[in-house]
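Reading through the C-alpha cells given below for one structure.
Protein chains: 2
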Amino acid sequence: MRFLDQVQAAMRKNNSLLCVGLDPLPEKFPPHIQALEQPILEFNRFIIDATADLVCAYKPQAAHYHACGAEDQLAQTIEYIKDNYPDIPVILDSKRGDIGSTADQYATEAFERYGADAITINPYMGIDTIEPFTRYEEKGTIVLCRTSNPGAAAIQNLKVGDDFLYEVIARKAKEEWNSHNNLLLVVGATNPEELKRIRAITGDMTFLVPGLGAQGGDVEATVKSGLNSQGEGIIVNSSRGIIYAASDENFAEAARAAAIELRDQVNQYR
Amino acid sequence: MRFLDQVQAAMRKNNSLLCVGLDPLPEKFPPHIQALEQPILEFNRFIIDATADLVCAYKPQAAHYHACGAEDQLAQTIEYIKDNYPDIPVILDSKRGDIGSTADQYATEAFERYGADAITINPYMGIDTIEPFTRYEEKGTIVLCRTSNPGAAAIQNLKVGDDFLYEVIARKAKEEWNSHNNLLLVVGATNPEELKRIRAITGDMTFLVPGLGAQGGDVEATVKSGLNSQGEGIIVNSSRGIIYAASDENFAEAARAAAIELRDQVNQYR
Chain A
5 MRFLDQVQAA
15 MRKNNSLLCV
25 GLDPLPEKFP
35 PHIQALEQPI
45 LEFNRFIIDA
55 TADLVCAYKP
65 QAAHYHACGA
75 EDQLAQTIEY
85 IKDNYPDIPV
95 ILDSKRGDIG
105 STADQYATEA
115 FERYGADAIT
125 INPYMGIDTI
135 EPFTRYEEKG
145 TIVLCRTSNP
155 GAAAIQNLKV
165 GDDFLYEVIA
175 RKAKEEWNSH
185 NNLLLVVGAT
195 NPEELKRIRA
205 ITGDMTFLVP
215 GLGAQGGDVE
225 ATVKSGLNSQ
235 GEGIIVNSSR
245 GIIYAASDEN
255 FAEAARAAAI
265 ELRDQVNQYR
Chain B
5 MRFLDQVQAA
15 MRKNNSLLCV
25 GLDPLPEKFP
35 PHIQALEQPI
45 LEFNRFIIDA
55 TADLVCAYKP
65 QAAHYHACGA
75 EDQLAQTIEY
85 IKDNYPDIPV
95 ILDSKRGDIG
105 STADQYATEA
115 FERYGADAIT
125 INPYMGIDTI
135 EPFTRYEEKG
145 TIVLCRTSNP
155 GAAAIQNLKV
165 GDDFLYEVIA
175 RKAKEEWNSH
185 NNLLLVVGAT
195 NPEELKRIRA
205 ITGDMTFLVP
215 GLGAQGGDVE
225 ATVKSGLNSQ
235 GEGIIVNSSR
245 GIIYAASDEN
255 FAEAARAAAI
265 ELRDQVNQYR
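These protein sequences, in sequence, are chains A and B.
Using our numbering, count along the first sequence one by one with no gaps and you end on 274.
Using our numbering, count along the second sequence one by one with no gaps and you end on 274.
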C-alpha cells in the first residue's frame, strides 16, 4: 500500500492524527531499561506496545541511533513495528539531502536497509536530490518546508520577491516536485499563521507537523490552521512530550496517557 | 590541532589542495577486493596508502556506508587514517541538519563516535542547527552554500532582494555564524563566476570545492576564482574520478596517478 494510503487508513482506524517520535536518549530511560542488553530496542518496544492503538505513524529520529552506534536497534525497532503492528507506517526522520548519486544511497538506506515507509529530506540542494526518493512510488518523501526551531525564520522567512522562501518551497513541492503524488511537507506547529499560508498554497497535501509538546506549539490553532478539506492532512508529531512523560518504571503507562491526551486534544478541534 | 590548521599544514606538507572522497560502491571494486570479508575497509586502505602523500584531507561520504550497513567499516577507515597518517584530517560528508537537540546527536556521531575532524551540514534550518557543531572549536563545520549538482540553482539562486540565496548564506556564514572561526563553506566547482562572488563576500574563508572530475568542473577557472589571498583557501575534492580511475587489480596505482594528475593541474594555476 502507498504510504499516504497507509497513513490515512491508520488515522481512521485509530481515530488519530498522532505520530509518536522514537528519539531514544538512553540516559533518560528508567534504570531497569538502561540495564538491559539492548536498551533502545526494549524501550521502544514498551512505547510502541503502549501506543500502537493511538497513533497513525511512528517516527524514529536517525541521529539518536547514529550517535551511539545503534543502527541494529533502529532496524529491529522498525521490524518490530512491521511484525506486530503492520497497519502503522514508519517515517525515518533523517533529513537527508545530497547530489543524485549519493541520494540514491540514502534512499537505499531508508527504504531497503531499514524498510521505512517514508523519509524526511532537505530541499536546499534542489529537485535532483529529491527525485531519488520520490521515484520509490509506494514510499513517502517528506520535504522540509517551514521547520519549528527558533533559528528557522532567518533562512526560511527570507523574502523571495513577494513570497517567503518557505512559500517558494511549498509551491515547488506542489507544482514541480510531486509528480509521483507521494510528497509531503514538514511544517512546524510553532506558527499557525504560516501553517495556514502553506495550506492555502498546497491544497490537500499532507504535512508532518512537529513542534507540539516539548516545543510548545498551540494545539487548537495548529489543528485549525493545518487540516485539509477532508479534516485530515496533518500528521501531528510529538516525541519527548510522550516518550519521556515519566522516567520511572511506569514510563510506558505515562507515555500512553500523554498520547491519549494529545490525540484527544487534536481530535477536539477537528 | 584545530581543523583549519590541520588542513593548512597538510596542504603545505604535501603541496596539495586535493581531498580524496571515499565513496565506496562495492560493485565497482575489483573482484579480488569484493571477495574480502571487509571489502570497503580494504578498498579504502589501498586508496589511502596510495594517496596519503598527495592530499590535504580525506572525505568519506556517509550515505555509502549507511546504505549497506557498513558503519563499522567507516569507523575503521577513519581509525586507519588516524593511526597511519595522523597529519591528514578527515571530513565526514553527511550534510546533517536538524533542530538543536537532534543536531547535538549528529555532532556526537561525527566527532565522538567516528572521531572525524570536520563535518558537512545543511543551512536550511538556521543557526541553532549549526551551533551544536561549531561549538566543537577544534572541529571544522562545513556549511552548504552553492552546491555543484544540476538542480541546485532552482533553490540556491533564488533572488533575495539583490542577492542570490547562496550569497545570503555566504554572508551569514561570514558575519553571523563563524564566531568560533571554524566554519567553512561548500562551493561547487561547476560555476567559477559564483565561486568568485562567494570569495568576494567571505574574505579568506576556506571552501570545500566538489565538482571537478566526475562532475566536470573546469580546473583553471575554479582554482583562479577560488583561491584566497594566501593562495590557499580551497579544498578541492574528487571522489569517483580518483577512486574508480580503474577497476582492475591496478586500481590503487590508477587512483594514485589520477590524484597526481589533479593535484598537479590544481597547483599549475596557483
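For each residue, glycine too, the CB sits at the ideal point set by N, CA and C.
- Gly-101, Asp-102, Ile-103, Gly-104, Thr-106, Gln-109, Tyr-110, Thr-112 and Glu-113: these are the residues of the segment 100 to 114 of chain A whose beta carbon lies less than 7 Å from some beta carbon of chain B, given in chain order.
- If you check the CB distance, Leu-26(A) and Ala-263(A) do not come in under 8 Å.
- For Tyr-248(B), none of the residues of chain A pass the 7 Å Cβ criterion, the least Cβ distance being about 12 Å.
- Taking Arg-175(A) as the centre and dropping the five residues before and after it, the same chain places the C-beta of Ile-205 closer than 7 Å to its C-beta, in chain order.
- At the C-beta level, Asn-232(B) and Pro-214(B) stay beyond 8 Å of one another.
- Distances from the CA of Ala-56(B) to each of Ile-247(B), Asp-102(B) and Thr-151(B) were compared; the closest alpha carbon is that of Ile-247(B).
- Chain-order list of chain A residues neighbouring Thr-133(B): Thr-151, Asn-153, Gly-155 and Ala-156, by C-beta distance under 9 Å.
- With respect to chain A, the C-beta atom of Ile-202(B) has no partner C-beta closer than 8 Å.
- Counting C-beta pairs with one atom in each stretch, the segment 106 to 117 of chain B and the segment 130 to 144 of chain B have three or more that are closer than 8 Å, which means they touch.
- Boundaries of the beta strand (DSSP E) around Ile-239(A): 238 to 242.
- Looking from the CA of Lys-86(A), the closest CA among Tyr-118(A), Asp-76(A) and Leu-58(A) belongs to Tyr-118(A).
- Contact of Pro-127(A) with chain B by beta-carbon distance below 8 Å involves Tyr-128 and Ile-159.
- Pro-64(A): member of the beta strand (DSSP E) spanning 61 to 64, first to last residue.
- Residue burial annotation: Met-15(A) is buried, with at least 16 other C-beta atoms found within 10 angstroms of its C-beta.
- Within the segment 53 to 81 of chain B, those residues whose Cβ lies closer than 7 Å to any Cβ of chain A are, in chain order, Gln-65, Ala-67, His-68, His-70, Ala-71, Gly-73 and Glu-75.
- For the pair Gly-155(A) and Tyr-128(A), the CB atoms are not nearer than the 8 Å cut-off.
- Counting along the chain, Ala-122(A) sits inside the beta strand (DSSP E) bounded by residues 122 to 125.
- Contact annotation, Val-59(A) with Ile-82(A): C-beta distance approximately 15 Å; criterion of less than 8 Å not satisfied.
- Fully contained in the segment 159 to 209 of chain B are the following alpha helix (DSSP H) runs of length 4 or more, in chain order: 169 to 179 and 196 to 206.
- Its chain contains Val-191, Ser-229 and Gly-230 as the residues whose beta carbon lies nearer than 6 Å to that of Leu-199(A), once the 5 sequence neighbours on both sides are disregarded; these appear in chain order.
- Its Cα nearest to that of Asn-186(A), the residue Ile-134(A) stands out among Ala-39(A), His-68(A) and Ile-134(A).
- In this structure, the straight-line span from the alpha carbon of Gly-73(B) to that of Ala-67(B) is close to 10 Å.
- Think of a sphere of 9 Å around the beta carbon of Lys-17(B): no beta carbon from chain A falls inside it, the nearest being about 30 Å out.
- Interface residue (Cβ-Cβ distance to chain A less than 8 Å): Arg-117(B) is classified as such.
- In this structure, the straight-line span from the alpha carbon of Pro-43(B) to that of Ser-98(B) is close to 21 Å.
- Secondary-structure assignment with DSSP links Thr-145(B) through a beta bridge to Ile-123(B) and Leu-187(B).
- Looking from the CA of Tyr-273(A), the closest CA among Glu-257(A), Gly-235(A), Arg-260(A) and Leu-212(A) belongs to Gly-235(A).
- Using a Cβ-Cβ cut-off of 8 Å, Lys-163(A) counts as an interface residue toward chain B, since at least one Cβ of chain B sits closer than that to its own.
- Under the Cβ criterion of 8 Å, Val-172(B) is counted among the residues facing chain A.
- Annotation for Lys-99(B): the continuous beta strand (DSSP E) segment containing it runs 95 to 100.
- With a threshold of 16 other beta carbon atoms within 10 Å, Gly-207(A) falls short and is exposed.
- With a 10 Å radius around the Cβ and a threshold of 16 neighbouring Cβ atoms, Pro-28(B) comes out buried.
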